[in-house]
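> Sharing a structure here in structure tokens format.
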Amino acid sequence: MSTFPECHGIIPARYESSRFPGKPLVLINGMPMFWHVYSRATHCPQMTSVTLATDDARIFEAAKTLDVPVVMTRSDHSSGTDRVLEAARTLGIDAEAVVVNIQGDEPCLEPTMLTELVTPFAQSHVKVTTLATAIGEADALSPDRVKVVRAHDGRALYFSRSLVPHDRDDKMHGFLLHIGLYGFRMDALERFGDLEPSPLEKREKLEQLRLLEDGINIYVTETRHTCHGVDRPDDLATVKNILEND
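Per numbering that gives the first Met the number 0: the sequence shown = residues 0 to 245.
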């Protein structure tokens with residue numbers, strides 16, 4: 000019989016960003032962005048712990064001041080997932096435990112989404128999970144929106160910036176937008192770190208394809224929630240309004 004594993008949330012927070020330097024420290028309603036993400040993640044009852052992972056002393060000290068658990072990582076990671084892996088190793092997370100990669104620029108994160116993300120781990124064969132939500136034609140046509148198609152049992156068949164599945168009858172419905180939250184069993188996260196970037200990953204610029212090309216299943220849960228990430232300073236007004244009315 001399967002037992003539900005411990006779940007440890009890790010929030011990668013990098014200071015350098017070409018579009019928005021210092022983003023984790025920007026104040027939203029008086030508190031830094033990373034604090035909002037951390038606070039909302041801790042409201043998920045399945046989270047055993049939530050920790051910030053950063054390569055910047057300013058973020059590290061700000062987290063300490065606010066009593067947010069934090070670990071320092073190297074500054075040369077090519078992706079947030081690699082930073083999460085280093086932090087998970089530092090924390091000594093068990094091989095069968097679940098590590099949740101929580102995007103550090105999602106201050107409006109719904110704790111329910113984390114519950115939806117980790118629920119499939121009640122089944123012992125599940126190694127990696129993610130989320131998706133239904134979208135319309137306009138979003139589906141954008142290469143900035145990553146689409147996912149899945150099998151009847153929820154396994155991801157493919158992720159793409161292109162329109163998938165192709166709609167030969169031009170009905171233009173039934174598309175799923177990938178939401179970049181991931182749950183990994185620790186051994187699967189270690190496997191990800193051992194793999195070289197794959198051909199499809201490099202072609203689509205989507206790191207999750209590295210797992211699919213290696214034969215590792217990613218289980219996709221559909222959610223009714225959406226994300227409101229902060230990619231640019233212009234996004235701040237939207238998230239401030241959401242948080243003020245939450």
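Cβ atoms here follow ideal geometry from the backbone N, Cα and C, with glycine treated the same way.
1. Does DSSP put arginine 39 in a helix, a strand or coil?
2. Could you tell me which of Arg160, Lys239, Glu206, Ser48 sits nearest to phenylalanine 174, measuring between CA atoms?
3. Under 8 Å by Cβ, that's how I've got proline 68 and threonine 50 pegged, so tell me the actual separation to the nearest angstrom.
4. Who are the near neighbours of methionine 0 in its chain, counting only those whose CB is closer than 8 Å to its CB and skipping five residues on each side?
5. By DSSP's criteria, glycine 228 is part of a beta bridge. Which residues make up the other side?
6. Pick from Val148, Val36, Val70, Cys107: whose alpha carbon is nearest that of threonine 237?
7. Would the beta-carbon of valine 97 fall within 8 Å of that of phenylalanine 183?
8. Can you have a look at proline 11 and say buried or exposed, based on whether 16 or more other CB atoms are within 10 angstroms of its CB?
9. Grab me the residues of arginine 144's own chain with a C-beta within less than 6 Å of its C-beta, minus the 5 sequence neighbours each way, in chain order.
10. Is there contact here, the segment 77–90 with the segment 185–192, by at least three beta-carbon pairs under 8 Å?
11. With lysine 146 as the anchor, note down where its alpha helix (DSSP H) starts and where it stops.
12. Tell me where the alpha helix (DSSP H) around leucine 113 begins and ends.
13. For phenylalanine 120, which option in Asn216, Ser16, Gly21 has the closest C-alpha, if you only look at C-alpha atoms?
14. Determine the DSSP secondary structure at valine 49, reduced to helix, strand or coil.
15. Just to confirm the assignment, what range does the beta strand (DSSP E) spanning valine 99 have?
16. In angstroms, rounded to a whole number, what distance separates the CA positions of proline 44 and phenylalanine 19?
In short, the structure shows the following:
1. Helix at arginine 39.
2. Of the candidates Arg160, Lys239, Glu206, Ser48, the one whose C-alpha sits nearest the C-alpha of phenylalanine 174 is Arg160.
3. About 4 Å separates the two Cβ atoms, so the contact holds.
4. Model confidence at methionine 0 stands at a pLDDT of 44, short of 50, so the residue's coordinates are unreliable and nothing is read from them.
5. Beta-bridge pairing links glycine 228 to no other residue.
6. Nearest neighbour of threonine 237 by Cα position, chosen from Val148, Val36, Val70, Cys107, turns out to be Cys107.
7. In contact: valine 97 and phenylalanine 183 (Cβ atoms closer than 8 Å).
8. Buried, because 16 or more other Cβ atoms sit within 10 Å of the Cβ of proline 11.
9. Cβ within range, chain order: Asp138, Leu176.
10. Between the segment 77–90 and the segment 185–192 there are three or more C-beta pairs closer than 8 Å, enough to call the two in contact.
11. In the DSSP assignment, lysine 146 falls outside any alpha helix (DSSP H) and lies within the beta strand (DSSP E) extending over 146–149.
12. Here the alpha helix (DSSP H) through leucine 113 covers 110–117.
13. Residue Asn216 is the option with its Cα nearest to phenylalanine 120.
14. Valine 49: strand per DSSP, three-state reduction.
15. Where valine 99 is concerned, the enclosing beta strand (DSSP E) stretches over 97–100.
16. Inter-residue distance for proline 44 and phenylalanine 19 is about 32 Å (C-alpha atoms, whole angstroms).
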